[in-house]
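Let me begin by presenting the structure, written as structure tokens, before commenting on it.
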Amino acid sequence: MSIPMFKFPSTKQKTVLLITFLFMLVLIWIPQINMREYPQSTITSKFLVFSYFCIIFLIICVFVLIKTKRQLIVLSLLDIALVTLLIYISINRFILQPEYSFSNRYIELIELSFVYIVARCFNKTTFYLLLLAIIISGIIQAIYGNLQLLNFYPSNHSGFKITGSFFNPGPYAGFLVSVFPIALGLYLFKEKVTEQVLLNIKKKQLILCTFIKHVFEYIPLIGIISIVVVILATQSRASWLAVLASTLLLFEARYQIIKKVFKQLNAYKKTILIIVTILSVGISLFGIYHFKKGSSDGRLFIWKVSTEFIKGNPIFGVGFDRFKAYYMNFQANYFIRSGETTEALVADNTYYAFNEFVQFFTENGFVGFVLLIIVLSFIIKSKAIKENDYLSVILKLSLLTICVFAFFSYPMQILPIKLVIVVLLASLAKLSINKIILFEKTKIKFKNPILKGFALVGILIVAFFSFNYISKLDNSFKNWKLALISYQYGDYESAIEEYEKAYPELKNNGDFLMNYGKTLSINKQDKKAIEILEQAKNHLNTTIIETALGDSYKNLKQYHKAEIAYKNAANMIPIRFYPLYLLAKLYEEIGQKEKAITMAKTILEKDIKIPSTAIKEIKTEMKKIISNYKQK
């Protein structure tokens, strides 16, 4: 009787298994990361850990490349469109624009492009595993959110009870939305999914097959239930719309209910059904708009101001990730022209357009937007062979769901959502039947040690410099966090020391420069504060920067410049009392009686959006200013 021998996997198979495992680990773990030793911890820590993972991928992948005997590069039209868009964004950012800022998002874009290339090398079975990993990550986040609701874990935002491992309910809901259609799609098509996965198992072992069937049935089901339970608590209307749209479309794709009903109806009944559907959608949207009307009006106002971006920079935009450098200036100009309209009630310091398509246009202009439309058209037109058609539908509808959410929020600012998008795009490109064999060569097998050496050294150099750069960024972010802690305790000297350590790596980061400059201003280091804050304005502008600038200019007795800075802050958000208060105190200090009285009266007559003790104190002080001048 012969004993069956266990066949160990080859070195190449082990490497592929390692890359697959690491890829799944990234998809599961990255969304959960929130290391509080970093500033903006829910964003920064995810970015840094992902960067280290990419370096590890880079080193492993070069060994796979050297071991590969046959080189074959096959591109789909979607691949070519995505590469073209990436090249344009890079050229526009570094060459066509007069200035660029430090950008986590751009570094992530390069890293995600590399991850996309790695993902394109996977086979179809591996993509099922990656989709499963995404669902598992979503389940963990849903559980985390429920535990926050039950007060077992703290929220990451003082104003909201549920945030998951994100900074507020918006991106948290966005991530769950990106997972939901994948879970629902795999569950609705579970028979076809398990059939395709089992095809790749050479020896049909009963226990293994049963396990796979249960995994691809129950994990998506748990994902659906856990996400639906928690998504309502986020109060994110964009996520509700996205979930509703994906549910209807996936059920239609699976069961074709609407198609069957339409076949049975005559023209008159079809018209009635269409009208009722449109009215129902309209009423639902109207209800969602009024559910949080102030927030809705705020988004509409941001879109309105963003049109000024497009008018001023229509062809190439203002550059990738430069929206926050310009927006508040346009908002201030809008209120200078229009006065303090009712829109001032919803104005605030704004970093995002709350519509990714609007923001993309403002940053990359008409040229970039056309390239984006081409990418979207290739996604829509992408076709797979018949046996993979259902998977193609799931992938497309998952991307559509994220697009629906993107109309009202900012998913492209959130790394875990972008990771999901990369997997979906890579899967879709892999399944596409419209492919071009760009390069194929079987004779050169990297047997030459010189070729191997050059390849190894080249990749290792890239990996070394990448690691060195990310490591420096890591330390600089930690210094920034230490500075913020010292600032909170009033130890401004220690805070400034930490800011100085971080400055070389973060000197183009607007948020960092704002914090640094504000600390210098409070510590009366006014000349240095002005230098840093003026640098900050090239990368970001907010009322915080303008008021800090005004304070430092006033301390140096440069009163005209202080007045301009305070007015800029007041025009950015006219509803705010503090910039007007600073103006009144400035006029009082330099003895401009008429301006001081006028500003004091303006403050006293100003409507209060949200009553507070600070506003009461400001109004009391304005009454004293008027009273003092009358006595004189």
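Remember, my numbering sits 21 above the position in the sequence shown when you count from 1. Quick reminder that beta carbons are idealized off the backbone N, C-alpha and C, glycines included. Keep in mind it's a predicted model, so treat the numbers as computed, not measured.
Does residue i come out as helix, strand or coil in the three-state DSSP assignment?
i      : result
SER186 : coil
VAL95  : strand
PRO595 : coil
CYS75  : helix
VAL250 : helix
MET56  : coil
LYS462 : In this prediction, LYS462 scores a pLDDT of 45, lower than 50, which makes its location untrustworthy; the coordinate-derived value is nonetheless stated afterwards. Reduced to three states, the DSSP call for LYS462 is strand.
SER453 : coil
ASP572 : helix
ALA263 : helix
LYS578 : coil
HIS560 : coil
ASP532 : helix
ARG141 : helix
ILE228 : helix
ARG343 : coil
ASP100 : helix
GLU521 : helix
ILE611 : coil
LEU270 : helix
ASN544 : coil
TYR239 : helix
TYR355 : helix
GLN118 : coil
PRO3   : Beyond the ends of the chain as shown, which are 22 and 653, falls residue 3; an answer cannot be given.
ASN172 : coil
SER257 : coil
GLY656 : The question about residue 656 has no answer, for the chain in this structure spans 22 to 653.
ILE155 : helix
ILE336 : coil
SER492 : helix
GLY511 : coil
PHE498 : helix
PHE467 : Annotation note: pLDDT 46 at PHE467 (below 50); position unreliable, coordinate value reported separately. Coil, per DSSP.
GLN61  : coil
SER124 : coil
By Cβ distance, which residues of its chain are closer than 7 Å to residue i, with the 5 residues on each side in sequence left out?
i      : result
TYR137 : VAL443, LEU446 and ALA447
LEU393 : LEU106 and PHE381
PHE387 : PRO335 and ILE336
ILE553 : LEU534, TYR537, GLY538 and LEU541
If I measure Cβ to Cβ from residue i and keep anything under 8 Å in the same chain, skipping five residues before and after, which residues do I get?
i      : result
PHE237 : TYR149, LEU153, LEU207, LYS211, VAL214, THR215 and VAL218
ALA484 : ILE76, LEU79 and ILE80
THR362 : PHE356
ASN370 : MET349, THR563, THR564, ILE565, MET593 and ILE594
GLY389 : LEU106, TYR109, ILE110, ASN113, PHE337, GLY338, PHE381 and PHE382
MET26  : The predicted model places MET26 with a pLDDT of 38, which falls under 50 and marks its position as unreliable; any figure quoted below should be read in that light. If we look at MET26 and ignore the five residues flanking it on each side, it has no Cβ neighbours.
ASP495 : LEU69
GLU132 : PHE71, SER72 and CYS75
LEU99  : VAL396, PHE399, ILE400, SER403, LEU446, LEU449, ALA450 and SER453
Taking the alpha helix (DSSP H) that residue i belongs to, which residues open and close that run?
i      : result
MET620 : 614 to 626
SER176 : No alpha helix (DSSP H) holds SER176; DSSP gives it neither H nor E.
ASP547 : 547 to 557
LYS654 : In the structure displayed, the chain extends from 22 to 653; residue 654 sits before or after that span and is not available.
GLN217 : 211 to 220
GLN285 : 278 to 285
Mind checking residue i: buried by the 16 CB within 10 Å criterion, or exposed?
i      : result
VAL198 : buried
ILE454 : exposed
ALA557 : buried
HIS581 : exposed
GLN277 : exposed
VAL297 : exposed
ILE323 : buried
ARG57  : exposed
LEU19  : Residue 19 falls outside the range modelled here, since the chain spans only 22 to 653, and no answer is possible.
LYS637 : exposed
ILE517 : buried
PHE426 : buried
PRO119 : exposed
ASP547 : buried
ASN385 : buried
Suppose the cutoff is 6 Å on Cβ atoms and the five residues either side in sequence are ignored; what does the same chain contact list for residue i look like?
i      : result
SER497 : ALA523, GLU526 and LEU527
ALA102 : ILE395, VAL396 and PHE399
Review point. What residue ranges within the stretch 358 to 444 form continuous alpha helix (DSSP H) runs of no fewer than 4 residues, ordered along the chain?
Key: Those alpha helix (DSSP H) runs which fall completely within the stretch 358 to 444 and span 4+ residues are 377 to 402 and 410 to 427.
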